[in-house]
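> Residues in the sequence shown are numbered consecutively from 6, following our numbering.
Glycine residues also receive a C-beta, built at the ideal position from the N, C-alpha and C atoms.
Just so it is clear, the structure is predicted and the values come from calculations on it, not from any experiment.
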Amino acid sequence: MSLRPMDSEYKRVLSPSLSLLILAGLTPESYNTYIEDENVGKLNLDDNPDLVAITVNVDTSKRAYDIADIYRRRGIRVVMGGIHPSSCPEEALEHADSVCIGEAEGIWESILGDAKAGKLRSCYYNPKPADMSLTPAPKWNMIKRSRYLYTNIVCASRGCPHICDFCYNSCDYVHKCYRGRPVKSIISEIESLGARQVMFIDDNLIGNIPWTRELVAALKPLGLTWHAAVSTNIGSHPDLLDEMAVSGCKSLFIGFESINENSNGSVNKIQNKTQTYNSIIKAIHDRDMMVNASMVFGFDHDKPSVFANTVQWLVENKIETMTGHILTPYPGTRLFNQFQSQGRITDNDPSHYNTAHVVFRPLNMTAEELYNGYLWIYKEIYSYSNILKRMPDNFHRRVPYLLFNLGYRKHGTITSLISKMNLMNATGKLASRLSYGIE
Ligand code: B12
Ligand code: SF4
6 MSLRPMDSEY KRVLSPSLSL LILAGLTPES YNTYIEDENV GKLNLDDNPD
56 LVAITVNVDT SKRAYDIADI YRRRGIRVVM GGIHPSSCPE EALEHADSVC
106 IGEAEGIWES ILGDAKAGKL RSCYYNPKPA DMSLTPAPKW NMIKRSRYLY
156 TNIVCASRGC PHICDFCYNS CDYVHKCYRG RPVKSIISEI ESLGARQVMF
206 IDDNLIGNIP WTRELVAALK PLGLTWHAAV STNIGSHPDL LDEMAVSGCK
256 SLFIGFESIN ENSNGSVNKI QNKTQTYNSI IKAIHDRDMM VNASMVFGFD
306 HDKPSVFANT VQWLVENKIE TMTGHILTPY PGTRLFNQFQ SQGRITDNDP
356 SHYNTAHVVF RPLNMTAEEL YNGYLWIYKE IYSYSNILKR MPDNFHRRVP
406 YLLFNLGYRK HGTITSLISK MNLMNATGKL ASRLSYGIE
């Protein structure tokens with residue numbers, strides 16, 4: 006995983022890749038499998054597996070290709086999957102024997118069978134959206150959970166009903182239909198995790214409101230603390246917000262992206278209505294939940310003033326945390342196609358595609374203004390004075406608020422040491438205990 010200038014080392018060990026744990030869950034017991042993760046330790050590249058499977062994002066693609074080349078030079082076959090090979094299969098095939106485009110459910114078994122029979126095809130793609138009842142529970146026993154900060158992550162759905170131009174959901178290969186997993190299987194997965202706090206890592210937990218209501222109702226008796234990402238239309242469902250709060254939801258990650266309506270419109274984020282933002286935040290705070298606002302900078306309507314205006318809005322609304330991004334045209338997305346046809350892509354180094362570099366020519370500010378503004382807003386919003394100004398009115402939220410804000414500030418030696426000593430999971434548990442009185 007690549008780090009941004011404001012990231013501490015522990016970002017690498019935040020949580021393991023669910024993709025590989027799910028792939029392991031789809032693999033029949035008769036296969037001897039193991040998982041290696043370079044984020045938590047040195048890879049053993051001298052092993053001799055029959056097949057190597059690698060999950061790849063754009064910013065990790067260079068390293069993934071290097072690893073694949075090492076195995077293939079020794080005659081070991083490599084299959085790649087994940088967001089980047091799915092949108093750029095030809096590029097991935099220069100380093101892999103085979104690419105899985107999109108979801109693995111329903112095709113991983115064929116890949117394994119074909120590999121065993123020596124008939125591996127170069128591309129596999131399920132033209133239909135995967136049946137969510139086929140998604141197995143991640144095989145947690147395949148990794149050392151103590152090496153990660155959080156291993157209580159759950160993916161309850163696939164996709165999103167919206168199609169924002171900068172999001173991977175706008176890629177051609179993505180099935181444009183939202184699917185929730187059967188609620189029963191989500192609940193039994195949570196129960197088997199044995200955790201009292203759960204992070205849902207879905208794109209959008211409210212992509213199908215009746216299904217979300219069913220899920221939230223089933224979460225209620227578990228007495229959990231949970232966190233999730235939702236789209237801004239949560240503001241139209243106050244009764245669902247009530248139920249979420251009662252069932253233990255403590256924070257919502259929301260892609261507000263911009264306080265400039267034209268900027269949101271320019272990337273087809275038409276569901277975001279800036280005049281509703283403040284009331285959405287108030288509705289969430291009134292129910293004692295925190296808001297993590299995802300903000301993107303560098304849209305065609307953004308001027309240099311966007312940074313100061315955004316800080317003012319974040320502080321005025323006492324938004325607990327901000328995750329900031331420089332607009333990034335991910336290969337395969339509609340935004341990428343637009344910028345490419347306009348000749349505005351200025352940097353093709355994949356490792357720079359982690360939303361912390363300017364890889365295109367902005368319209369209403371220079372690339373330097375965009376980059377410096379991005380660094381400035383992180384410093385400014387997580388300055389001790391602004392952390393104090395944004396302190397929640399509700400006393401209960403203050404401990405988790407402070408811990409989350411300290412987590413967003415850059416920490417060097419101490420977190421590296423905690424990570425090296427395999428104390429990440431214990432640190433996560435301590436943070437949960439301090440915040441919510443649970444582990
Ligand atoms: C959770 C998450 C995170 C977590 C990561 C937790 C973890 N350890 O995995 C955190 C918060 C750390 C994170 C960080 C970042 N993330 Co993120 N993240 C996600 C999110 C929401 C879910 C990923 C996930 O686990 N999905 C569940 C799994 C099961 O789905 P999956 O990976 O797609 O796997 C399926 C298939 O793709 C396939 N598959 C996958 N791999 C393989 C391999 C083989 C061999 C095969 C056969 C099949 C296969 O099978 C799986 C089952 O069907 C995605 C959005 C999304 N929905 O994918 C963004 C996403 C992956 N993140 C993104 C970004 C930009 C980032 C950051 C750069 C953001 C930042 N500025 O810091 C960082 C860097 C991440 C990195 N370098 O790895 C982008 C990546 C864009 C791209 N084209 O690469 C995404 C797509 C978000 C978006 N909407 O644009 N992220
Ligand atoms: S609302 Fe979020 S997850 Fe959905 S398409 Fe837009 S950016 Fe992607």
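Starting from lysine 255 and walking both ways along the alpha helix (DSSP H), at which residues does that stretch end?
Residue 255 sits at position 250 when you count from the first residue of the sequence shown. Lysine 255 -> not in any alpha helix (DSSP H); beta strand (DSSP E) instead, spanning 254-262.
> Using 10 angstroms around the beta-carbon of arginine 201, count the other beta-carbons present and answer buried if the total reaches 16, otherwise exposed.
Here residue 201 is taken as the residue at index 196 of the sequence shown, counted from 1. Answer is buried; the Cβ neighbour count reaches 16.
> Should serine 91 be listed as close to the ligand SF4, given that the test is whether its C-beta is under 7 angstroms from any heavy atom?
The sequence position of residue 91 within the sequence shown is 86, counting from 1. Answer for serine 91: no, Cβ out of range of the ligand SF4.
> Helix, strand or coil for alanine 223? Go by DSSP, reduced to three states.
For the purposes of this step, residue 223 is taken as residue 218 along the sequence shown, with counting starting at 1. Reduced to three states, the DSSP call for alanine 223 is helix.
> Classify valine 316 as helix, strand or coil using the three-state DSSP reduction.
Your numbering for residue 316 matches position 311 in the sequence shown. Helix, per DSSP.
> Taking the straight line between their C-alpha atoms, what separation do you get for leucine 380 and methionine 396?
What you label residue 380 is simply residue 375 of the sequence shown in a count that begins at 1. What you label residue 396 is simply residue 391 of the sequence shown in a count that begins at 1. Taking the straight line joining both Cα atoms gives about 22 angstroms.
> Based on Cα-Cα distance, which residue from Cys128, Lys255, Cys182, Arg292 lies nearest to glutamate 95?
Residue 95 sits at position 90 when you count from the first residue of the sequence shown. Nearest C-alpha to glutamate 95: Cys128.
> Touch check for the segment 62-74 and the segment 144-152: three-plus C-beta pairs under 8 angstroms?
Verdict: no, contact absent.
> With respect to 7 angstroms, is the separation between the Cβ of serine 127 and the closest non-hydrogen atom of the ligand B12 below this value?
The sequence position of residue 127 within the sequence shown is 122, counting from 1. No, the beta carbon of serine 127 sits no closer than 7 angstroms to any heavy atom of the ligand B12.
> Whole alpha helix (DSSP H) runs in the segment 315-367 with 4 or more residues, listed along the chain?
Here the runs fully enclosed are 339-346.
> Going by CA-CA distance only, name the one from Asn277, Gln276, Lys323 that's closest to lysine 287.
As a working mapping, residue 287 is identified with position 282 in the sequence shown. Comparing Cα-Cα distances from lysine 287 to each of Asn277, Gln276, Lys323, the minimum goes to Lys323.
> At what residues does the beta strand (DSSP E) containing histidine 232 begin and finish?
As a first step, residue 232 must be located in the sequence shown, where it is residue number 227. Per DSSP, histidine 232 belongs to the beta strand (DSSP E) from 230-235.
> Can you name, in chain order, every residue of its own chain whose Cβ lies under 7 angstroms from the Cβ of glutamate 41, other than the five neighbours on each side?
Numbered from 1 along the sequence shown, position 36 holds the residue referred to as residue 41. Excluding positions up to five away in sequence, the list reads Leu48, Asn49.
> Starting from phenylalanine 302, follow the beta strand (DSSP E) in both directions and report where the run begins and ends.
Taking the first residue of the sequence shown as 1, we reach residue 302 at position 297. 295-302 is the span of the beta strand (DSSP E), which, as asked, contains phenylalanine 302.
> I'd like to know if the segment 112-126 and the segment 137-146 are in contact, where contact means that at least 3 CB-CB pairs between them fall below 8 angstroms.
Verdict: no, contact absent.
> Taking 8 angstroms as the limit between beta carbons, can you name the residues of its chain near tyrosine 36, skipping five residues before and five after?
Here residue 36 corresponds to residue number 31 of the sequence shown, with the count starting at 1. Cβ within range, chain order: Leu117.
> Note the first and the last residue of the continuous beta strand (DSSP E) segment covering arginine 82.
As a first step, residue 82 must be located in the sequence shown, where it is residue number 77. Per DSSP, arginine 82 belongs to the beta strand (DSSP E) from 82-86.
> Would you say the beta carbon of serine 162 comes nearer than 7 angstroms to a heavy atom of the ligand B12?
For the purposes of this step, residue 162 is taken as residue 157 along the sequence shown, with counting starting at 1. No; taking the cut-off as 7 angstroms, the Cβ of serine 162 has no heavy atom of the ligand B12 nearer than that.
> State the Cα-Cα distance for the pair alanine 234 and lysine 278, rounded to the nearest angstrom.
Numbered from 1 along the sequence shown, position 229 holds the residue referred to as residue 234. Numbered from 1 along the sequence shown, position 273 holds the residue referred to as residue 278. When rounded, the distance between both Cα atoms is 18 angstroms.
> Considering only DSSP beta bridges, list what cysteine 172 is partnered with.
Along the sequence shown, read from residue 1 onward, the residue named residue 172 stands at position 167. Per DSSP, none; premise fails for cysteine 172.
> Closer than 7 angstroms: is that where the CB of glutamate 108 sits relative to any heavy atom of the ligand B12?
Position 103 of the sequence shown holds residue 108. Under cutoff, so the answer is yes.
> Considering only the alpha carbon of each residue, which of His357, Leu375, Asn369 lies closest to leucine 8?
Residue numbering aside, residue 8 sits at position 3 when the sequence shown is read from its first letter. It is His357 whose Cα lies nearest to the Cα of leucine 8.
> Cβ atoms of tyrosine 130 and isoleucine 106: under 8 angstroms apart, would you say?
Reading the sequence shown from its first residue, position 101 is the one you call residue 106. Reading the sequence shown from its first residue, position 125 is the one you call residue 130. Contact: yes.
> Using a C-beta cutoff of 8 angstroms, does valine 18 count as contacting chain D?
This model lacks chain D altogether, as it is built from one protein chain only.
> Out of Gly442, Met300, Thr360, Thr217, which one is the CA nearest neighbour of histidine 242?
As a working note, residue 242 is residue 237 in the sequence shown. Per the Cα distances, Thr217.
> DSSP puts phenylalanine 205 in a beta bridge; with which residues?
Locating residue 205 in the sequence shown gives position 200, where the first residue counts as 1. Phenylalanine 205 is bridged to Val159.
> Would you say serine 532 touches the ligand B12, meaning its beta carbon is less than 7 angstroms from a heavy atom?
Within the shown structure, residues of the chain are numbered from 6 to 444, placing residue 532 beyond reach of any answer.
> Three-state secondary structure (DSSP) at isoleucine 211?
By one-based count along the sequence shown, residue 211 stands at place 206. Isoleucine 211 falls in the coil class under three-state DSSP.
> Between Trp113, Gln276, Asn157, which lies nearest to threonine 449 when the distance is taken from Cα to Cα?
The chain is shown only over 6 to 444; residue 449 falls outside these bounds and no answer can be derived.
> What does a CB cutoff of less than 7 angstroms around asparagine 209 pick up in its chain, not counting 5 residues either side in sequence?
As a position in the sequence shown, residue 209 is number 204, starting the count at 1. Answer for asparagine 209: Cys165, Ala234, Val235, Ser236, listed in chain order.
> Using 10 angstroms around the beta-carbon of glycine 123, count the other beta-carbons present and answer buried if the total reaches 16, otherwise exposed.
Indexing the sequence shown from 1 puts residue 123 at position 118. Exposed.
> Quick one: Cα of lysine 181 to Cα of serine 263, how far?
By one-based count along the sequence shown, residue 181 stands at place 176. By one-based count along the sequence shown, residue 263 stands at place 258. Distance between the alpha carbons of lysine 181 and serine 263 is about 24 angstroms.
> What separation, rounded to the nearest whole angstrom, lies between the Cα atoms of isoleucine 148 and asparagine 265?
Residue numbering aside, residue 148 sits at position 143 when the sequence shown is read from its first letter. Residue numbering aside, residue 265 sits at position 260 when the sequence shown is read from its first letter. Roughly 43 angstroms between the two C-alpha positions.
> Roughly how many whole angstroms lie between the Cα atoms of glycine 86 and aspartate 102?
Position 81 of the sequence shown, counted from the first residue, corresponds to residue 86. Position 97 of the sequence shown, counted from the first residue, corresponds to residue 102. Distance between the alpha carbons of glycine 86 and aspartate 102 is about 11 angstroms.
> Give me the residue from Ala361, Glu374, Ile382 with the minimum Cα distance to threonine 315.
On the sequence shown, position 310 is the one that residue 315 refers to. Minimum Cα distance to threonine 315 is reached at Ile382.
> Between lysine 308 and glutamate 373, what straight-line distance do the alpha-carbon atoms span, to the nearest angstrom?
For the purposes of this step, residue 308 is taken as residue 303 along the sequence shown, with counting starting at 1. For the purposes of this step, residue 373 is taken as residue 368 along the sequence shown, with counting starting at 1. So the alpha carbons of these two residues sit roughly 13 angstroms apart.
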